[in-house]
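A.B. asks: I am attaching a structure below and will ask some questions about it afterwards.
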Amino acid sequence: MVGSSYHRYQYVDHGLSMHKTDVIVPSNTRNVLLERLAPDTPYSVNVIALYADGEGDPSTEQGRTLPRSGPRNIRVFDPTTNSLSVQWDHADGPVQQYRIIYSPVSGDPIDEYTTVPGRINTVLLQPLQSDTPYKITVVAIYDDGDGGQVTGNGKTVGLISPQNIHISDEWYTRFRVSWDPVTSPILGYKIVYKVAGSDEPLEVFVGEVTSYTLHNLLPSTTYDVKVYAQYESGLSEPLVDQGTTCKTLPQYKTLSQYINADMRILMIAARKLDLLEFACSVEKMNFLKK
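Residue 282 in this note's numbering sits at position 276 of the sequence shown, with consecutive numbering throughout.
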């Protein structure tokens, strides 16, 4: 090739297209990078010296591009009621992005998409449906197209209900509602209550406490009580119980009835060790004696 001005690199795609491409470089160039080739494809490469009066004999070599790589070892973890965390091992080569495709496994699923830069290998998928299995696919994206992919599965957590409801501290116009907390992250708890048999419920959001006193209730009345866990994605199934306020004192007509009522009220108050209730009991006894 002495005396040549240029070299022509000619490469032929031996895949389906059989496409031939030429690259001209100065004669002092000893190597060239052939880009934008088809993946996993055999090529013939001819190097030809170009002279003023013609071409030299070609020097021929064979080569094959590598298949596009894909991510590996997908992992789905940290499920919540509305999210899943996903991680994978990087694909080989200069990945530009990863495309994450996810959808519920059952029903009439609609694929949703998100992307992360090629240097990132983790993503948080949200908001998702609670208590739902998901199919998750991660695809490597290169400059010249999609690479390989890897698929995994995960399931979100259900909207767990509180447990072990307990009604206590019953009085004429109030009682206390308590329950065991849920283990999942929540916004708080909601109590819905109504007179048993009525269609006029009241509700109160109490935050993350697990005990709450309902006030301004009717004496001698049974109430239906429901406690819900409030999640970002909705309400759990209710925890249900009934509570009954204390009966109002009867109108006694004899001295012996007064005395018996006095002793019974004092004993109840003493058992509760509640000075306010004790004071209220004394006041009611004085009222009865008038």
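Where is the CB? At the ideal position from N, CA and C, for every residue including glycine.
Can you round the beta-carbon distance between tyrosine 234 and glutamine 248 to whole angstroms, since I take them to be within the 8 Å contact cut?
C.D. replies: About 16 Å; that fails the 8 Å criterion.
A.B. asks: At the level of alpha carbons, what is the spacing between glutamate 67 and aspartate 28?
C.D. replies: Each residue's Cα considered, the two are about 15 Å apart.
A.B. asks: Go ahead and label asparagine 79 buried or exposed: buried means 16 or more other beta carbons lie within 10 angstroms of its beta carbon, across all protein chains shown.
C.D. replies: Result: exposed.
A.B. asks: Buried or exposed: proline 168, going by 16 or more other Cβ atoms within 10 Å of its Cβ?
C.D. replies: Buried, since its Cβ has 16 or more Cβ neighbours within 10 Å.
A.B. asks: Where lysine 26 and tyrosine 108 are concerned, what is the direct C-alpha to C-alpha distance, given to the nearest angstrom?
C.D. replies: Cα to Cα, lysine 26 sits roughly 40 Å from tyrosine 108.
A.B. asks: Pick from Ile173, Glu243 and Tyr119: whose alpha carbon is nearest that of isoleucine 166?
C.D. replies: For the residues Ile173, Glu243 and Tyr119, the minimum Cα distance to isoleucine 166 belongs to Glu243.
A.B. asks: Based on Cα-Cα distance, which residue from Pro115, Ile116, Ala146 and Tyr140 lies nearest to proline 123?
C.D. replies: The shortest C-alpha separation from proline 123 is found at Ala146.
A.B. asks: For my contact list, proline 85 and glycine 160 are in at a C-beta cut-off of 8 Å; report their separation, rounded to the angstrom.
C.D. replies: Right, the Cβ-Cβ distance comes to about 6 Å (below 8 Å), so this counts as a contact.
A.B. asks: Any chance the CB of valine 51 is under 6 Å from a heavy atom of the ligand MN?
C.D. replies: Annotation note on the ligand MN: not contained in the displayed structure, which lists no ligands.
A.B. asks: Below 8 Å on the Cβ atoms is my guess for tyrosine 218 versus leucine 208; work out the distance and round it to an integer in Å.
C.D. replies: Not quite, the Cβ-Cβ distance comes to about 13 Å (not below 8 Å), so this is no contact.
A.B. asks: Per DSSP, what kind of secondary structure is isoleucine 142 in: helix, strand or coil?
C.D. replies: Here isoleucine 142 sits in strand by DSSP.
A.B. asks: With distances taken from CA atoms, which of Thr128, Asn88 and Gln93 is nearest tryptophan 134?
C.D. replies: Checking the sequence shown, residue 134 turns out to be leucine, not tryptophan. Cα-wise, what sits closest to leucine 134 is Asn88.
A.B. asks: Less than 7 Å between the C-beta atoms of proline 45 and proline 73, yes or no?
C.D. replies: It is a contact, given that the beta carbons lie within the stated cut-off.
A.B. asks: Considering just the uninterrupted stretch of the beta strand (DSSP E) at glutamine 103, what are its terminal residues?
C.D. replies: Segment 103–110, the beta strand (DSSP E) holding glutamine 103.
A.B. asks: Run the CB neighbour count on proline 77, radius 10 Å, all protein chains shown included, and call it buried at 16 or more, exposed below.
C.D. replies: Buried: at least 16 other Cβ atoms inside 10 Å.
A.B. asks: Which partner residues does serine 184 have in the DSSP bridge list?
C.D. replies: The partner list for serine 184 (beta bridge, DSSP) reads His172 and Ser217.
A.B. asks: Using only alpha-carbon positions, find the residue among Thr71, Ile30, Gly240 and Lys253 that is nearest to serine 136.
C.D. replies: Cα-wise, what sits closest to serine 136 is Gly240.
A.B. asks: Reducing DSSP to helix, strand and coil, say where proline 191 ends up.
C.D. replies: Coil at proline 191, not helix or strand.
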